[in-house]
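Report on the structure given below.
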Amino acid sequence: MRRLQRCVEGLCRAGAFLAALFMALTVGLIVLEIAIRSFLGTSTMITAEYSGYFLVATVSLGLAYTLHHRGHIRITLIYDRLAPSVQNKLDIGAALVGLGICGYAIHYSVLMVYDNYSLGMTADTVAETPFWIPMISVPAGFALLFLELAAFLLRRLNDR
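Numbering (my numbering), first residue to last: 451 to 610.
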């Protein structure tokens, strides 16, 4: 059990590292665009497109790490006043609902990536980026979130 949780935590850390990398790439791309426009009077023509792709990857891949470190917004006005056993039951219920929603999102985001790949869909931009490439981060992020929710659920079940 402990080994499984460490494995999930390592995967979440890897997702967070990739999220940070995509954030750094966004900043670098924007700085490059500013420099090229300022000094050369031209554009990369891809900054807006790729910044959007990188933003989606940053958010998707960072979800699980954020959950692991309790960084998601929580409204605790009532929750904090409840007995620990009730809090634990609410956490278990929330984890089960989250797993269901996440499983649904994984299923349909994988279908979305597959459809875009099989249809050969590309962006209607200068780069003509195949859509399936930036879309891979969505099911990957949901899969990491699913694993972290499962680990969260197991931790709560052990607390009982």
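Glycine is no exception: its CB is placed at the ideal position from the N, C-alpha and C atoms.
Check, Outcome
"Answer with buried or exposed for Ala590, where buried requires no fewer than 16 other C-beta atoms within 10 angstroms of its C-beta.", "buried"
"What residue range does the alpha helix (DSSP H) around Val576 cover?", "That residue, Val576, is in no alpha helix (DSSP H); it is neither H nor E in DSSP."
"CB-CB under 7 Å to Ala555, same chain, minus the five flanking residues each way: which ones, in chain order?", "Phe592"
"Let me check you understand the geometry: is the CB of Ser493 closer than 7 Å to at least one non-hydrogen atom of the ligand ATP?", "Of ligands this structure carries none, so the ligand ATP is not represented either."
"Here's the rule: buried if 16 or more other CB atoms are within 10 angstroms of the residue's CB, otherwise exposed. What is Tyr515?", "buried"
"For His518, which of helix, strand or coil comes out of DSSP?", "helix"
"CA-CA distance, Arg606 and Ala600?", "10 Å"
"Any chance the region 505-515 sits against the region 471-486, with 3 or more Cβ pairs inside 8 Å?", "yes"
"Just checking: is the beta-carbon of Arg606 within a distance shorter than 8 Å of some beta-carbon in chain D?", "Among the chains of the structure shown, chain D does not appear; only one protein chain is present."
"Under 8 Å, with one C-beta from each stretch per pair, do the region 479-496 and the region 517-528 reach the 3-pair mark?", "no"
"Mind checking whether Val458 and Leu597 have CB atoms under 8 Å apart?", "yes"
"Between the Cα of Val477 and those of Ala464, Arg456, Tyr503, Ala533, spot the shortest distance and give me the residue it belongs to.", "Tyr503"
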